[in-house]
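Read the structure below first, then the notes.
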Amino acid sequence: MAAVSPFQAPAPTRVAATVWGAGLAAYIVATTGRTSLGVAGLQAAERFDISASVLSLFVVVQLAVYAAAQVPVGIVLDKVGSRKVIFTGALILSCGQLMLAFVDTLPLALVARVLVGLGDATAFVSVLRLVPAWFPGQRVPLLTQMTGIVGQTGQIISAVPFLALLLGAGWTTAFASLAALGVFVAFLVLVVVRDHPTARATRRSGESVQPVGTGVEVPAAPVPAEATRVPISAVLREPGTWLGFFTHFVCLFPTNTFMLLWGVPFLTAGQGVSAAAASSLLTLAALTGVVTGPVTGFLQSRHPLRRSWLVLGAVAATVVVWGTVLLPASPRPMWQLALLVIVLTVSATASNIGFDFARTFVPSERLGTATGLVNVGGFVASLVAIFLVGAVLDVVRPDGAYTLDDFRLAMSSQALLWAVGLVGLLLCRRSTRRRMADRGVVVPPVREAVARMRRRRSGAS
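Put into structure tokens, the structure is as follows:
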């Protein structure tokens, strides 16, 4: 099986950017749909006559549907391409938003959120599949990071114009407007997006390929003409797939646990900060991503053989900073909480390296399947982490009057997932490097790489 994805002839930059931009617009609408109910929490509780704990069920349903749909979406994506999948997903999401606009009972609202989750599940992996098809390989890591960053502007749309419309025009108008926006981007994608340039270059059987940035040519295995020639089991047997899975697993769950549910309660009820200050910290997270995403993408491109070290560095920073926040028994100063938010954003950025592992080690015919599987890792871990934190809080404080000590204990439960994720990551990295060595690419120890860099610099001077 091929160890790297084939190159293709770069498309004209303007055309490629237009295609990517249309797909990105659909992803932005998807993230808007994902986060829209979060800013409408009070209105939702009143409309459906539910408690705050029942309201959190919407988050669990959303994540569960999103995670469960990833691999099936990836399989379909490999068969029919990004254009059709994004189009269909945007329409499904619109149906969910339109349903949510008019229903007033909890069961129907949950069904609507299932539809929103299904539609949301199609967007990110489909746009990621467009990137290596339309852009040269050395630009793919950066554009992968930018896809994730720009896509999160959907949170801003939810928090500002959507919330203003919700407060001004009401529930039905606000959610019906999101449904209309989804239909618009669906047909925009249908008109603008193509799965790959028509003049795409193909790799012939037996032709050697070069992993980006390694400077080493690797003899390639025969490349099947169709996705059906590469069985899904081949994706599952590829250690690089699981390296991506555990990268996403170990890097994304701390951020999702904090940002999606438990961050604001931890800050307000545990650390004693105001709601406005907590909101400012979440805004800081969005701004941090604008910086860390491109930097991570640049480092991925410059040092492709050291991508796992970027992941391990992000995990180490997150664990250390969480430790400095949770170990003291007193509330932490604002600068320390800001540092926590920053490293959580860095961790989320590093999770996207998992998709780059999938792109590098899995044949392009099955890239959608591999990307979906990688995406499952982070969201399954997030579901487990969110449940663990909630379960600990329920045990230690059944009345819901949480204290800082309660949150210190509950947030510490994340250590279990860090342990599982790190063990999986290190085992898969070893297997992946063994597979690379069999194909002629040997990753030198860090000390040798550093010594080589020093010799080059001394020689240049």
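Residue 170 is where the sequence shown starts when you use this note's numbering, and the numbers rise one by one after that. In this text, a Cβ means the ideal position worked out from N, Cα and C, and glycines have one as well. Computed from a predicted structure; not experimentally measured.
Is residue i helix, strand or coil by DSSP?
i, result
"GLN314", "helix"
"GLN440", "coil"
"ASP719", "The chain is shown from 170 up to 630; residue 719 falls before or after that span and cannot be answered."
"ASN521", "coil"
"HIS417", "helix"
"ARG203", "helix"
"THR452", "helix"
"VAL611", "coil"
"ASP289", "helix"
"ILE219", "coil"
"PHE356", "helix"
"THR182", "helix"
"PHE304", "coil"
"SER499", "coil"
"ALA209", "coil"
"PRO366", "coil"
"THR187", "helix"
"GLY375", "Here GLY375 scores only 39 on pLDDT, less than 50, and its place in the model should not be relied on; the value that follows carries that caveat. Three-state DSSP puts GLY375 in coil, outside helix and strand."
"ALA390", "Its pLDDT being 37, under 50, ALA390 is placed unreliably in this model, and the value from its coordinates should be taken loosely. The answer is coil: DSSP assigns ALA390 none of H, G, I, E or B."
"PRO330", "helix"
"GLN469", "helix"
"GLY339", "coil"
"VAL381", "Residue placement at VAL381 cannot be trusted, given a pLDDT of 38 that sits under 50; the coordinates are not used to answer."
"GLY250", "coil"
"GLN321", "coil"
"PRO423", "helix"
"GLN231", "helix"
"PRO434", "helix"
"PRO241", "helix"
Just to confirm my understanding: we take residue i, look at its own chain, exclude 5 residues before and 5 after, and list those with CB closer than 7 Å. What are they?
i, result
"THR204", "GLY323, GLN324, SER327"
"VAL361", "THR187, VAL188, ALA191"
"ARG354", "A small correction: the amino acid at residue 354 is Val; Arg does not occupy that position in the sequence shown. Here the set comprises ALA194, ALA195, VAL198, ALA259."
"PHE467", "LEU311"
"ALA292", "ALA195, TYR196, ALA199, ILE255, GLY258"
"SER581", "LEU495"
"ALA579", "VAL558, VAL561, LEU562"
"ARG602", "VAL612"
"PRO500", "GLN440, GLY441, LEU573"
"ARG308", "none"
"ALA236", "VAL545, PHE548, VAL549, LEU552"
Give the C-beta separation of residue i and residue j to the nearest angstrom, bearing in mind that I take them to be a contact with Cβ-Cβ under 8 Å.
i, j, result
"ALA539", "VAL515", "Not really, about 24 Å apart at Cβ, beyond 8 Å."
"THR200", "GLN321", "6 Å"
"GLN239", "ASN521", "In fact, because the Cβ distance is near 15 Å, the residues do not count as touching under 8 Å."
"ILE244", "GLY462", "Actually they do not touch by this definition, with Cβ atoms about 28 Å apart."
"ILE424", "ALA527", "One point to set straight first is that residue 424 is Thr, not Ile, in the sequence displayed. Not quite, the Cβ-Cβ distance comes to about 20 Å (not below 8 Å), so this is no contact."
"ARG598", "SER477", "5 Å"
"ASP364", "GLY250", "4 Å"
"PHE141", "PHE435", "Here the chain comprises residues numbered 170 to 630, so residue 141 is not present and cannot be evaluated."
Exposed or buried, which one is residue i when buried takes at least 16 other CB atoms within 10 Å?
i, result
"ARG369", "Here the model assigns ARG369 a pLDDT of 45, short of 50, so the residue's position is not dependable, and the following value carries that caveat. Exposed is the call here."
"GLN469", "buried"
"MET605", "buried"
"LEU405", "exposed"
"GLU407", "buried"
"THR274", "exposed"
"SER295", "buried"
"ASP607", "exposed"
"GLY547", "buried"
"MET503", "exposed"
"THR182", "exposed"
"ALA349", "exposed"
"ASP247", "buried"
"SER533", "buried"
"ALA209", "buried"
"GLY306", "buried"
"LEU336", "exposed"
Who are the Cβ neighbours of residue i in its own chain at under 6 Å, not counting the five residues just before and after it?
i, result
"ALA550", "PHE418, PHE422, LEU586"
"PHE344", "GLN266, LEU269, ALA270"
"PHE427", "LEU513"
"GLY590", "PHE415, PHE418, VAL419"
"VAL358", "ALA191, ALA195, ILE255, PHE256"
"ALA454", "VAL510, THR514"
"VAL480", "THR416, ALA519, ILE522"
"LEU118", "In the structure displayed, the chain extends from 170 to 630; residue 118 sits before or after that span and is not available."
Between which residues of its own chain and residue i is the CB-CB distance below 8 Å, once the five residues before and five after are set aside?
i, result
"GLY202", "LEU262, GLY265, GLN266, VAL285, GLY288, ASP289, GLY323, LEU347, GLY351"
"THR457", "VAL510, ILE511, THR514, VAL515"
"THR572", "ALA438, GLY439, ARG566"
"LEU226", "LEU279"
"ILE401", "ILE244, ARG535, THR538"
"ALA554", "PHE422, PRO423, ASN425, THR426, SER582, GLN583, LEU586"
Write down every uninterrupted run of the alpha helix (DSSP H) in the region 511 to 596 whose length is 4 residues or greater and which is fully enclosed by it, in chain order. 522 to 530, 536 to 565, 573 to 581
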